[in-house]
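Numbering (our numbering), first residue to last: 0 to 591.
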Amino acid sequence: MKILDTPELITTLIAPPKRLLQFATLPLLLVLLPLAGLTYAQPQVADMVLMGGNIYTVDASQPTAEAIAISKRRILAVGSNQLIRKFVGDETKVIDLEGQFAMPGFIEGHAHFVGLGEAMMMLNLHQADTWGDIVLQVEEAAKTTPPGEWIVGRGWHQSKWDSPPTPNINGYPTAKQIDEVSPNNPVLLTHASGHMNFANGYAMRLAGVDEGTQNPAGGEILKDASGKPIGVFRETAQGLITRKFSAAQSKQTDEAKAVYLRRAVDLASQECLKKGITSFQDAGSSLETVDLLRDFATRGKLGVRLWVMIRDSNARLEGRLSRYKMIGYANEFLTVRALKRSIDGALGAHGAWLLAPYDDMPNSSGLNTARIESVTKTAELGIKNDFQVCVHAIGDKANQEVLNIYEKLFTANPTGIPRRWRIEHAQHLHPDDIARFGKLGVIASMQAVHCTSDAIFVPKRLGMRRSQEGAYVWKSLIDSGAIVTNGTDAPVEDVNPLNSFFASVTRQLKPGITFFPKQAMTREQAIRSYTIDCAYAAFEETSKGSLVPGKLADIVVLSNDLLKCEDSEIQNTKVLMTIVDGKIAYRNPDAK
Ligand SMILES: [Zn+2]
């Protein structure tokens with residue numbers, strides 16, 4: 000128990016444990032030092048205390064507690080009701096948790112912050128059961144969109160429809176039906192994976208795409224038997240359409256653009272807080288977006304803490320990185336110390352780069368979307384500027400190549416401590432590569448919910464043996480010493496951590512159907528993957544990820560005990576309260 004009112008504990012605090020010393024601020028030490036000579040020191044008064052809870056701290060030295068005292072932005076003490084009561088003064092806000100479960104706020108380990116907000120402002124196609132549902136959504140939108148303006152949506156997935164579209168090419172929709180309902184508007188509908196998009200005829204005409212258009216490097220324009228583009232663009236070919244869309248957006252006034260982005264950031268913040276997320280690891284923002292986020296942070300307008308990977312060209316990064324490095328900026332609401340690249344695509348779109356061809360597309364082993372030399376160059380910039388490097392790799396070949404790049408650079412630039420570079424997704428691994436994560440200290444930054452969403456097509460794409468040996472092998476990775484983090488890749492998936500938590504511990508697609516359940520995490524491992532392990536993967540484990548004195552007071556209160564509730568209850572869990580920086584940032588209106 001960490002409390003400041005007995006002489007021997009005061010002595011302990013004068014020589015604080017290393018962990019505490021690292022984040023003990025000068026004011027905290029000044030409070031502690033005069034206590035040394037006193038026999039009966041008065042404990043500090045808390046601004047807020049949570050009492051009567053079922054608290055899981057994610058700290059091995061004191062895993063459970065009843066109460067927490069918070070002073071300013073940090074945790075002052077954690078322990079029994081009796082002990083924490085000593086921190087209550089006249090001004091202290093006292094919250095009775097009435098036995099509810101509390102734990103460190105969720106840290107979303109890989110998602111797209113501005114993209115999450117933007118997705119909330121466009122057509123949401125995730126719930127569509129058929130392509131026909133999507134046609135109806137576009138038809139509705141066309142009624143209120145002025146001619147010539149873009150209609151945008153996100154979240155379609157051909158593998159999740161009850162029946163294939165008519166007409167279709169290899170299961171993919173064609174522009175025909177959408178053209179009929181939106182003849183006067185360009186339409187851009189992004190695939191759930193983000194690795195494919197759909198354009199109608201109007202948008203393709205704007206982009207100058209026709210029978211003669213060649214596939215760009217690392218991409219593919221899907222065409223019918225006559226050679227006519229059907230409207231589906233894979234990987235880098237998406238740029239043909241998105242560049243036209245961005246060009247139209249950039250013609251907006253600066254004021255209109257700023258209003259749009261401000262709304263996206265606000266919507267993303269609110270959505271995270273509602274779902275118990277207190278920190279968010281943003282998987283790739285341009286330098287301009289980082290400028291915008293810094294502005295938000297400066298004005299205290301970020302609802303959650305962000306740790307951002309910069310995704311920009313090597314040419315633009317070179318010479319600019321030192322100016323963009325921020326660690327714990329604006330009361331620890333913004334950290335920028337990582338670079339993002341992608342080396343392949345996604346499995347659903349046959350874009351994951353494999354060592355051997357797809358089982359259901361024997362002429363293809365996927366797509367290598369960025370040259371090895373270019374990714375290596377980014378990694379060298381990471382070494383030079385002391386940035387972490389995070390590379391998206393889904394297929395086994397992609398993962399192997401990234402591990403090779405990392406290993407070569409680590410050997411050439413030894414530090415003695417892990418650089419905590421990451422592989423984003425690490426979804427499908429060759430068995431020989433699994434142990435390399437732990438050995439090299441490379442973080443496997445995974446999104447458990449992808450496993451259960453994709454499970455329906457993984458064996459089709461990879462076959463049973465490859466699926467069993469290497470797909471979403473959380474347990475093998477953890478057992479071999481790797482840090483596995485968790486998240487949702489929102490807006491690819493809903494940002495709700497409970498979905499990924501459920502997938503982590505059950506690997507259940509539907510009741511009674513599981514995907515190689517031996518690779519499931521334990522409840523404790525799944526909580527770690529969403530808290531302290533995510534913190535570690537961002538060099539933030541001394542300030543967040545567990546509930547111990549001195550750390551930031553970022554806490555979530557839930558309606559179920561995530562360690563003990565039935566599997567079937569996990570996704571019914573309600574977020575009752577989200578506390579960020581020692582303040583209540585969200586309170587469930589349905590909770591009393
Ligand atoms: Zn992503």
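Heads up, the beta-carbon is just placed ideally off N, CA and C, and yes, glycines get one too.
Compute every distance between the C-beta of Leu337 and the non-hydrogen atoms of ligand 1, then say whether any falls below 7 Å. For this step, residue 337 is matched to residue 338 along the sequence shown. What sits at residue 337 in the sequence shown is Ala, not Leu. No, ligand 1 has no heavy atom inside 7 Å of this Cβ.
Please confirm whether any heavy atom of ligand 1 lies closer than 7 Å to the CB of Asp132. As a working mapping, residue 132 is identified with position 133 in the sequence shown. False, no ligand heavy atom lies under 7 Å from that Cβ.
Taking Ala502 as the reference, give the member of Gln570, Lys222 and Leu75 with the closest Cα. For the purposes of this step, residue 502 is identified with residue 503 of the sequence shown, where counting begins at 1. The candidate whose alpha carbon is nearest that of Ala502 is Gln570.
Flag this pair as touching only if the stretch 53-70 and the stretch 94-111 have three or more C-beta atom pairs under 8 Å; answer yes or no. yes
Would you check if the distance between the CB atom of Asn403 and the CB atom of Ala425 is smaller than 8 Å? Along the sequence shown, read from residue 1 onward, the residue named residue 403 stands at position 404. Along the sequence shown, read from residue 1 onward, the residue named residue 425 stands at position 426. Result no, Cβ atoms of Asn403 and Ala425 do not sit closer than 8 Å.
Nearest candidate by alpha-carbon position, reference Leu266, set Ser475, Pro490, Ser452 and Gly549: Sequence index remark: in the sequence shown, residue 266 carries index 267 (1-based). Of the listed residues, the one whose Cα sits closest to Leu266 is Pro490.
State the Cα-Cα distance for the pair Val151 and Ala247, rounded to the nearest angstrom. For the purposes of this step, residue 151 is taken as residue 152 along the sequence shown, with counting starting at 1. For the purposes of this step, residue 247 is taken as residue 248 along the sequence shown, with counting starting at 1. Whole-angstrom Cα-Cα distance: 12 Å.
Enclosing alpha helix (DSSP H) for Lys243 [first to last residue]: Reading the sequence shown from its first residue, position 244 is the one you call residue 243. Residues Gln237 to Ser249.
I think Met50 touches Leu96, with their Cβ atoms under 8 Å apart; what is that distance to the nearest whole Å? One-based indexing of the sequence shown puts residue 50 at position 51. One-based indexing of the sequence shown puts residue 96 at position 97. Yes, Met50 and Leu96 are in contact; Cβ-Cβ is about 7 Å, under 8 Å.
Spatial neighbours of Glu492 in its chain, beta-carbon cut-off 6 Å, leaving aside the 5 residues before and after: Taking the first residue of the sequence shown as position 1, residue 492 is located at position 493. So the qualifying residues of the chain are Val448.
Please classify Ile309 as buried or exposed, where buried requires at least 16 neighbouring CB atoms within 10 angstroms. In the sequence shown, counting from the first residue as 1, residue 309 sits at position 310. It counts as buried.
Please go through the same chain and pick out, in chain order, the residues whose beta-carbon is closer than 7 Å to the beta-carbon of Ile593, but skip the five residues on each side of it. In the structure as shown, the chain begins at 0 and stops at 591. Residue 593 is therefore absent and cannot be evaluated.
Following the continuous beta strand (DSSP E) through Ile133, name the residue where it begins and the one where it ends. As a working mapping, residue 133 is identified with position 134 in the sequence shown. That residue, Ile133, is in no beta strand (DSSP E); its alpha helix (DSSP H) goes Trp130 to Thr143.
Under 7 Å: does the beta carbon of Asp488 sit that close to some heavy atom of ligand 1? On the sequence shown, residue 488 is found 489 positions in, with the first residue counted as 1. It does: the Cβ of Asp488 is within 7 Å (strictly closer) of some heavy atom of ligand 1.
Just reading off the alpha helix (DSSP H) that Gln399 is part of, what are its end residues? Working through the sequence shown from its first residue, we reach residue 399 at position 400. Segment Asp395 to Ala411, the alpha helix (DSSP H) holding Gln399.
By the three-class DSSP mapping on this structure, what secondary structure does Gln507 have? Within the sequence shown, numbered from 1, the residue matching residue 507 stands at position 508. Looking at Gln507 - three-state DSSP - the assignment turns out to be strand.
Just reading off the beta strand (DSSP E) that His109 is part of, what are its end residues? Taking the first residue of the sequence shown as 1, we reach residue 109 at position 110. That run of the beta strand (DSSP E) goes Phe105 to Ala110.
Since Thr189 and Arg153 are thought to touch, with beta carbons under 8 Å apart, how far apart are those beta carbons, to the nearest angstrom? Here the question's residue 189 lines up with position 190 in the sequence shown. Here the question's residue 153 lines up with position 154 in the sequence shown. About 4 Å; that satisfies the 8 Å criterion.
Considering Ala68, what are the terminal residues of the beta strand (DSSP E) in which it resides? Along the sequence shown, one-based indexing puts residue 68 at 69. Segment Ala66 to Ser70, the beta strand (DSSP E) holding Ala68.
Cβ neighbour criterion (16 or more within 10 Å) applied to Glu117: Walking along the sequence shown from the start, residue 117 turns up at place 118. Its Cβ being crowded by 16 or more others within 10 Å, Glu117 is buried.
Starting from Ala525, trace the alpha helix (DSSP H) in both directions and tell me its first and last residue. Taking the sequence shown and counting its residues from 1, one reaches residue 525 at position 526. Where Ala525 is concerned, the enclosing alpha helix (DSSP H) stretches over Arg522 to Ser528.
Does the beta-carbon distance from Leu366 to Phe409 come in below 8 Å? The residue given as residue 366 occupies position 367 in the sequence shown. The residue given as residue 409 occupies position 410 in the sequence shown. Their beta carbons are not under 8 Å apart, which means Leu366 does not touch Phe409 by this criterion.
Between which residues of its own chain and Ala296 is the CB-CB distance below 8 Å, once the five residues before and five after are set aside? Taking the sequence shown and counting its residues from 1, the one referred to as residue 296 is at position 297. Contacts found: Leu305, Tyr328, Ala329, Phe332 and Leu333.
Which same chain residues end up closer than 7 Å to Phe86 when comparing Cβ atoms and leaving out the 5 residues on each side of it in sequence? The residue labelled residue 86 in the question sits at position 87 within the sequence shown. Within the same chain, Phe86 has close Cβ partners Pro42, Gln43, Val44, Ala45, Val48, Ala68, Leu75 and Ala76.
Considering only their Cβ atoms, is the gap separating Arg73 from Ala552 smaller than 8 Å? The count along the sequence shown starts at 1 and reaches residue 552 at position 553. The count along the sequence shown starts at 1 and reaches residue 73 at position 74. A contact, by the Cβ cut-off of 8 Å.
Run of the beta strand (DSSP E) containing Cys389, from where it starts to where it stops: Here residue 389 corresponds to residue number 390 of the sequence shown, with the count starting at 1. Its beta strand (DSSP E) spans residues Gln387 to Ala392.
Cβ atoms of Thr541 and Ser558: under 8 Å apart, would you say? For the purposes of this step, residue 558 is taken as residue 559 along the sequence shown, with counting starting at 1. For the purposes of this step, residue 541 is taken as residue 542 along the sequence shown, with counting starting at 1. Cβ atoms of Ser558 and Thr541: not closer than 8 Å.
State buried or exposed for Gly88, treating a residue as buried only when at least 16 other CB atoms are found within 10 Å of its CB. Against the sequence shown, residue 88 aligns to sequence position 89. Result: exposed.
Rounded to the nearest angstrom, what separates Val57 and Glu523 at their Cα positions? Walking along the sequence shown from the start, residue 57 turns up at place 58. Walking along the sequence shown from the start, residue 523 turns up at place 524. Distance between the alpha carbons of Val57 and Glu523 is about 8 Å.
Any idea what DSSP makes of Asp589, helix, strand or coil? Locating residue 589 in the sequence shown gives position 590, counting from the first residue. Looking at Asp589 - three-state DSSP - the assignment turns out to be coil, as it is neither helix nor strand.
Any heavy atom of ligand 1 inside 7 Å of the beta-carbon of Ala282? Reading the sequence shown from its first residue, position 283 is the one you call residue 282. Checking every heavy atom of ligand 1 against the Cβ of Ala282, one is found closer than 7 Å.
Consider the C-beta atom of His111 and the heavy atoms of ligand 1; say whether any pair is separated by less than 7 Å. Taking the sequence shown and counting its residues from 1, one reaches residue 111 at position 112. Yes, Cβ of His111 sits closer than 7 Å to a heavy atom of ligand 1.
So, does the stretch 357-377 touch the stretch 440-460, judging by three or more C-beta pairs under 8 Å? yes
Alpha carbons only, please: which of Val307, Cys450, Glu372 and Gly480 is nearest the one belonging to Phe279? Residue mapping note: residue 279 aligns to position 280 of the sequence shown, counting from 1. Nearest option by C-alpha distance: Val307.
Starting from the C-beta of Phe112, find all residues in its chain whose C-beta is less than 7 Å away, skip the five residues before and the five after it, and write them out in chain order. Indexing the sequence shown from 1 puts residue 112 at position 113. Only Ala267, Phe279, Asp281 and Leu305 meet the Cβ criterion.
Buried or exposed (CB count within 10 angstroms, at least 16 for buried), Pro185: On the sequence shown, residue 185 is found 186 positions in, with the first residue counted as 1. With 16 or more other Cβ atoms within 10 Å, it is buried.
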